[in-house]
Structures are given as C-alpha cells and as structure tokens.
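Asks: Can you keep this structure in mind? I'll have questions shortly.
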Amino acid sequence: MEPTYVARLKEGLKAYGFVEGRNLELLVTFTGGNVERAREAAKAYVDRGVDVIVATATPAVAIAKQATEAKKIPIVMTPVADPLATGFAASIARPGGHLTGMSMVGPDLSGKRLGYLREIMPDLKSIAFIGWTRDQNAKTFVAGIEAAAAQLGIKLIVKMVDAPSEIDDKLMAALKQDGVQAVVVQPIFMGHQDRIIAAARTAKLPIVSDFPAFAVSGGLFTYGIDDRAQMQRAAYFIDRIVKGANPADLPIELPTDYALVVNLKTAAEFGLTVPPTMLQGATEVVE
Numbered sequence: 015m016e017p018t019y020v021a022r023l024k025e026g027l028k029a030y031g032f033v034e035g036r037n038l039e040l041l042v043t044f045t046g047g048n049v050e051r052a053r054e055a056a057k058a059y060v061d062r063g064v065d066v067i068v069a070t071a072t073p074a075v076a077i078a079k080q081a082t083e084a085k086k087i088p089i090v091m092t093p094v095a096d097p098l099a100t101g102f103a104a105s106i107a108r109p110g111g112h113l114t115g116m117s118m119v120g121p122d123l124s125g126k127r128l129g130y131l132r133e134i135m136p137d138l139k140s141i142a143f144i145g146w147t148r149d150q151n152a153k154t155f156v157a158g159i160e161a162a163a164a165q166l167g168i169k170l171i172v173k174m175v176d177a178p179s180e181i182d183d184k185l186m187a188a189l190k191q192d193g194v195q196a197v198v199v200q201p202i203f204m205g206h207q208d209r210i211i212a213a214a215r216t217a218k219l220p221i222v223s224d225f226p227a228f229a230v231s232g233g234l235f236t237y238g239i240d241d242r243a244q245m246q247r248a249a250y251f252i253d254r255i256v257k258g259a260n261p262a263d264l265p266i267e268l269p270t271d272y273a274l275v276v277n278l279k280t281a282a283e284f285g286l287t288v289p290p291t292m293l294q295g296a297t298e299v300v301e
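Residue 15 is where the sequence shown starts when you use the working numbering, and the numbers rise one by one after that.
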C-alpha cells in the first residue's frame with residue numbers, strides 16, 4: 015500500500031478513536047503489482063484472523079476476495095473501478111457479500127484530462143496510454159481515452175503491459191520514436207510512479223494520470239478522484255464493521271471529491287506554460 019495511503023488511513027482511523035499501539039494493529043503490505051506476493055499477503059492475513067482487510071485497486075480486491083471466501087473476513091475496497099462488473103457486489107446500495115467500500119464509478123474524466131493537456135500543449139497531436147493487462151477494468155480506461163482522443167482529434171497509441179517493470183526506458187523511447195508527445199498512465203501503476211516518471215523523463219515525455227501521487231512525484235499533472243480522501247474515508251467502513259455492521263448492508267460510496275494537481279516544476283522542465291485558469295482551479299500546485 016502506498017505510504018500516502020497508509021498515512022491517510024491512519025488519520026481517518028484516529029478520528030474514530032483507533033490508535034496504533036493502543037487499540038489498533040495495522041499490518042501493511044505493498045505488493046508492487048506482484049500477484050504472487052499479493053496472494054501470500056492475503057493468505058497470511060486470513061491465517062492470522064484479522065478483523066478487516068483493506069484492499070486497494072481491482073486486482074488486489076479480487077485476490078483478497080478469493081482468499082476470504084471460506085472465512086468471509088470483511089473487505090473494504092479503496093477504491094475499485096466497477097464493483098458490479100467485477101462481481102464484487104450485487105448492487106451499490108446493498109453489496110450483499112463481505113465486501114464494501116468505495117468505487118471509482120462516475121463520469122468518465124478522460125475528456126477533461128485530455129482537455130487540460132491540450133491547454134498546456136496547444137500543438138498536441140499524439141499521445142500514448144499505458145495500461146495493465148492484469149486489470150480487468152483496463153478496458154474501461156481504454157474505451158474512455160479512445161473516445162476522448164477521437165473527439166479532440168488526437169492520435170492515440172495504446173500499450174498494454176503484463177507487469178509494471180515493462181514500463182521502462184526502452185518503451186518510452188519507442189513511444190517517442192512513434193511521435194508521442196505525452197503519456198497517460200493508468201492509475202493502477204501507483205506505487206511505481208517514481209520509476210515510470212524517470213523512464214519518461216529520459217525520453218522527454220511528460221506523464222499524466224489520475225491520482226495526485228503521480229504529479230507530486232514529477233508528473234505534469236493529474237486529474238481524477240481524490241484517492242487520498244477515499245483512503246481516509248475507509249476508516250468509516252472499518253469503524254462500522256468492527257462495531258458489528260454487516261458489510262452486505264453497507265452501501266458502496268461513489269466518488270464526490272476530485273483533485274487537479276499541477277506540477278509547475280515539471281512544466282518548466284519541459285518548457286510548458288500552465289494557463290492561469292488551470293492553476294486557479296487546481297486543488298494543489300507543486301512548485
């Protein structure tokens with residue numbers, strides 16, 4: 015789990031009276047997209063008999079769900095793209111199983127994201143999208159950006175990788191060679207953003223994504239749901255569950271908070287100017 019996520023989760027839990035070392039034991043595993051490591055962690059948590067498992071992103075939730083089928087340990091999702099399409103819940107209002115939490119379901123933001131990118135790069139003609147083959151929701155992200163790119167008349171190259179490690183200098187150089195001017199990265203690669211941004215920098219390609227961590231780490235900007243706020247909100251579900259609530263009856267929450275984070279240092283590095291109107295609407299500006 016991303017360090018920022020852990021910090022936000024702790025903040026949220028503290029607000030409900032849960033403090034590590036007093037009445038809370040928080041076990042954290044960052045799998046880095048390694049499926050086997052995620053399976054091992056889920057099994058270890060089940061064997062230990064934890065009260066609640068917090069799982070981030072669709073692949074991790076799927077693994078946790080499979081590991082908990084026998085004991086039905088409650089799972090809080092933070093967040094997943096579509097809990098209905100993935101079979102994690104019967105409905106938003108009444109999940110019906112042992113999973114609840116937060117979803118990314120909402121208006122597709124690809125158009126607004128590419129609109130912001132064109133504001134910064136008026137001559138934008140070609141972009142790439144990098145997604146993960148192991149995420150069953152990747153097709154949703156691809157469909158969204160394909161529609162947005164077509165509407166704006168931007169050429170789109172889609173690259174699907176089997177592992178985060180494949181997003182390297184070689185891939186970025188190939189994209190640059192193909193005329194790509196910027197790269198949009200699926201947010202599921204969060205946790206690998208430092209290495210991805212470093213690889214893109216060698217090819218002089220700015221990175222854009224959904225979650226703030228990418229902009230903070232050196233991406234050009236991010237626009238999407240405020241995943242940090244969602245992680246903090248996970249504490250609400252944990253509190254309800256440990257006090258006896260049934261996850262099956264706790265409605266899944268849809269996003270209400272969105273964040274636009276702009277990195278002016280990165281913009282300057284690429285010789286780009288961020289319009290004042292965009293800066294005025296930013297949730298956070300990295301300088």
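Backbone N, C-alpha and C fix where the C-beta goes; we use that ideal spot for every residue, glycine too.
Residues in the same chain with beta-carbon distance under 7 angstroms from V156, minus the five sequence neighbours each way, listed in chain order, please.
Replies: Cβ within range, chain order: F143, G145 and V172.
Asks: According to DSSP, what are the bridge partners of K173?
Replies: According to DSSP, K173 bridges with I144.
Asks: Would you check if the distance between the CB atom of P93 and the CB atom of G111 is smaller than 8 angstroms?
Replies: Their beta carbons are not under 8 angstroms apart, which means P93 does not touch G111 by this criterion.
Asks: Where are the alpha helix (DSSP H) runs, 4 residues long or more, that stay fully inside the segment 41-69, in chain order?
Replies: DSSP runs (the alpha helix (DSSP H)) wholly in the segment 41-69: 49-62.
Asks: Classify R242: buried if its beta carbon has 16 or more other beta carbons within 10 angstroms, exposed otherwise.
Replies: Counting Cβ neighbours within 10 Å, R242 comes out buried, since at least 16 surround it.
Asks: Residues in the same chain with beta-carbon distance under 7 angstroms from L293, minus the five sequence neighbours each way, listed in chain order, please.
Replies: If we look at L293 and ignore the five residues flanking it on each side, its Cβ neighbours are V276 and V299.
Asks: For the segment 206-215 against the segment 157-176, do three or more pairs of beta-carbon atoms, one drawn from each stretch, fall closer than 8 angstroms, so that the two count as touching?
Replies: They do not touch, by the three-pair rule.
Asks: DSSP state of T92, grouped into three classes?
Replies: Three-state result, T92: strand.
Asks: Relative to the C-alpha of A29, which residue among L170, K79, P265 and D253 is closest?
Replies: Here the closest residue by C-alpha is D253.
Asks: Can you name the residues that DSSP bridges to V222?
Replies: Paired residue(s): V198 and F235.
Asks: Is there a C-beta anywhere in chain D that falls below 8 angstroms from the one on A162?
Replies: Of the protein chains in this structure there is only one, and it is not chain D.
Asks: Using the rule of at least 16 other Cβ atoms within 10 Å of the residue's Cβ for burial, across every protein chain shown, is Q200 buried or exposed?
Replies: Q200 should be labelled buried.
Asks: Give the range of the beta strand (DSSP E) segment to which M116 is assigned.
Replies: Its beta strand (DSSP E) spans residues L113 to S117.
Asks: Report the option in D61, A74, R36 and A248 whose CA atom is closest to the CA atom of N48.
Replies: Ranking the options by Cα distance to N48, first place goes to A74.
Asks: Which stretch, first to last residue, makes up the alpha helix (DSSP H) that contains Y130?
Replies: Residues S124 to I134.
Asks: Pick out whichever of A248, Y130 and V194 has its Cα sitting closest to the Cα of P289.
Replies: P289 has its Cα closest to that of Y130, out of A248, Y130 and V194.
Asks: Please report how far the alpha carbon of T72 lies from the alpha carbon of R148, in whole angstroms.
Replies: Roughly 10 angstroms separates the two Cα atoms.
Asks: By alpha-carbon positions, which one of M135, G125, A262 and D240 ends up nearest to F102?
Replies: When only C-alpha atoms are compared, the closest one is A262.
Asks: Taking 7 angstroms as the limit between beta carbons, can you name the residues of its chain near D182, skipping five residues before and five after?
Replies: Contacts found: A213.
Asks: Taking 8 angstroms as the cut-off, decide whether the C-beta atoms of V194 and S140 are in contact.
Replies: Yes.
Asks: Within the continuous alpha helix (DSSP H) that includes V20, where are the two ends?
Replies: Segment P17 to A29, the alpha helix (DSSP H) holding V20.
Asks: Relative to the alpha-carbon of Q80, which residue among V64, A259 and A56 has its alpha-carbon at the smallest distance?
Replies: Comparing Cα-Cα distances from Q80 to each of V64, A259 and A56, the minimum goes to A56.
Asks: Whole angstroms are fine: how far does the CA of V60 sit from the CA of E267?
Replies: E267 and V60: Cα-Cα distance of roughly 25 angstroms.
Asks: Note down, in chain order, each residue of its chain lying with its Cβ closer than 6 angstroms to the Cβ of P226, except the 5 sequence neighbours on either side.
Replies: The answer, listed in chain order, is T236, A273 and V275.
Asks: Is L166 helix, strand or coil by DSSP?
Replies: In the structure shown, L166 sits in a helix (DSSP, three-state: H, G or I).
Asks: For the alpha helix (DSSP H) that contains A281, what are its first and last residues?
Replies: Per DSSP, A281 belongs to the alpha helix (DSSP H) from L278 to E283.
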